[in-house]
Structure formats: C-alpha cells, structure tokens
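Heads up, the thing below is written out as structure tokens.
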Amino acid sequence: MSSVGSESLPHSIAHLRTVAMPVADYRVMPFGIADLDGRLNGGGLRGGALHEVASRTCSLVDDAAATLFLAGIAGREAQALNGLVLWASCRNDLYAPGLAQVGLCSANVIYAQPNDDAALLAVVEDAVRDGTPSAVIAEASRVSMVATRRLQLVAAEADIPVLLLRRWRGREHDPLSEPSAAWTRWRIASASSERLSVAGVGRARWSVELARQRTGGSFSLIVEGSDETGRLAVPAELGHRAAETAGTARYAAA
C-alpha cells in the first residue's frame, strides 16, 4: 500500500472534506472564498435563515467592522436578486457612503427606525412575511429565544436572509452569551491592515469568527474587508495560511 507524502497530505484532507460535504437542500449564499465557504454547511450561508453577528468587543472599530460585514452580505444579495434591503434600527448612526463602499448603495436600502427592540422585531417579521426585501438587517440588543425562533421560521418560509446585529449592552455582557435559534452566529473584529510602501490607508481587514453553526464546527480567519461589490478576500501574503486558525473558536456561544 502506497503512503501519502507529507507535502500532499493537506490536499488529501481538502479532497476528503469536499467529498464528505453534504449537498444543501436549501438556497445558499456563498462568500466566494474557499477557506470560508468550505467550512460552512452547504458551502455558504443559508439563504432563508437567521444569522447573528456581534462585534468581538464593544469598541467602535469592532462595531463598525461587524456592521460592514453584514452590509456586504446584504449588498451581494441585493445585487444578485436586483432587490432592496430593509435596515431596521432604533438608532440613527449609519453612514451611507461607508455602506456604499462595501457594496450596499443607499438607493437599494429602505430604512426603518422603530421606537424599541420589540417594535423593531415586529417590523422585521412583517417585512419578511410580505416578501418585499431581498435581505433584512436588524440591529437589536435584547432578543429573546422565542423571538429568534420566530425570525428563523419566517426567514425559512420566505427564503429571505435575516441578518441580526446584536449590540453590546455593556462591557461585560457578550451579546452571543444568550441562547438563540440563529442558523449561524458570528463575531467580527477589526485587524491590522497591510503595511503600504507609501503613506496611506490600506484595505480594511477583519477577524471573522464563526462562533456557532448548526451541525458544524467553529473557526476563525483573517480576511480583507468587503469591496465596492460586497466581496471579501484573503490577504495575498497569507494565502491558505489564513485558514489555519480553523478549529475551536476563542469564545463559546449558546
């Protein structure tokens, strides 16, 4: 029996992962990055599902990274379906030019500003049932397990992604420490950009951590932030090594 050389072992493992990956029986929204999609069940995000995102810390830079991460996902979906995105938030602090830089143009966004989280969740549920938006982004700090179950059910029935940005309520309260019926739960943080040979600001980089997915493992990796088409990228100098942090995530999530 022939042995497998050490240099070909990673390729053999990658092949086995591809063969073993189950075919999704639902619509999938791929990120377009093999190191990311290959570790998600079905090869990407489930289209009709609730996905939760929180910043890794309560810092403004991490909060911005989490916000733009979601905007990129919604922007790609809006472009693919030529549809609109509903953005529901009790706050009025979005910067439209910043969203456009990650693929979500203001002309494709309908903004809703309910008075509180309860009203916000009702608006989201009604919009998803109506079927008008191609994707929904909602910002909330307090969401019960029952509410997430309802959102997951309506998202699956309408085949519309509901992207829930969980806000920090305090420095010691991790938003993802609360139980949820979300299909995936993510933590996003800013990372150091590439050092340029001339003075200037490089493309943003994010630390992307999947804290939980249904019937799948957790992982984390460094990516370059979404461009004007909403696409992420793997830093060139990291290449395949960007996925070497895959495994148990730093934090546990319910």
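Residues are numbered in my numbering as their position in the sequence shown, beginning at 1, plus a constant of 32.
Cβ atoms here follow ideal geometry from the backbone N, Cα and C, with glycine treated the same way.
Computed from a predicted model, the values in this text were never measured in an experiment.
Within the model, the alpha-carbon separation for Gln-133 versus Phe-101 is close to 12 Å. Residue environment analysis places Val-141 among the buried positions, since at least 16 neighbouring C-beta atoms fall within 10 angstroms of its C-beta. The region 73-116 is shown to contain whole alpha helix (DSSP H) runs of 4 or more residues at 92-113, in chain order.
Checking the DSSP bridge columns, you'll see Phe-251 partnered with Leu-242. Separation of Glu-84 and Trp-215 (C-alpha to C-alpha, rounded to the nearest whole angstrom) is 8 Å. Secondary structure within the region 157-214: the alpha helix (DSSP H) runs of 4 or more consecutive residues, fully enclosed, are 177-190 (chain order). Membership of Ala-132 in any beta strand (DSSP E) is not indicated; the residue belongs instead to the alpha helix (DSSP H) covering 128-132. Here Ala-179 is buried: its Cβ has 16 or more other Cβ atoms, across all protein chains shown, within 10 Å. Judged by their CB atoms, Ala-110 and Leu-131 are not nearer to each other than the 9 Å cut-off. Distance from Gly-76 to Phe-63 at the Cβ level is roughly 6 Å; contact confirmed, criterion being Cβ atoms closer than 8 Å. Residues of the same chain with a CB within less than 8 Å of the CB of Asp-94, apart from the 5 flanking positions on each side, are Ser-87, Arg-88, Ile-220, Ala-221 and Ser-222 in chain order. Rounded to whole angstroms, the separation of the alpha carbons of Ala-213 and Ser-176 is 10 Å. Note: Ser-222 is bridge-paired with Trp-238 in the DSSP secondary-structure output. By the Cβ neighbour-count rule, Gly-249 is exposed, with fewer than 16 other Cβ atoms within 10 Å of its own.
Between Asp-149 and Arg-174, the gap from beta carbon to beta carbon is short of 9 Å.
Distances from the alpha-carbon of Ala-97 to those of Phe-251, Leu-208 and Glu-241 put Glu-241 closest. In the DSSP assignment, Ala-66 falls within the unbroken alpha helix (DSSP H) covering 66-69.
In the DSSP assignment, Tyr-143 falls within the unbroken beta strand (DSSP E) covering 141-144.
Between Val-194 and Val-156 the beta-carbon gap is near 6 Å, inside 8 Å, which marks them as a contact.
Under the three-state reduction of DSSP output, Val-60 falls in the strand class.
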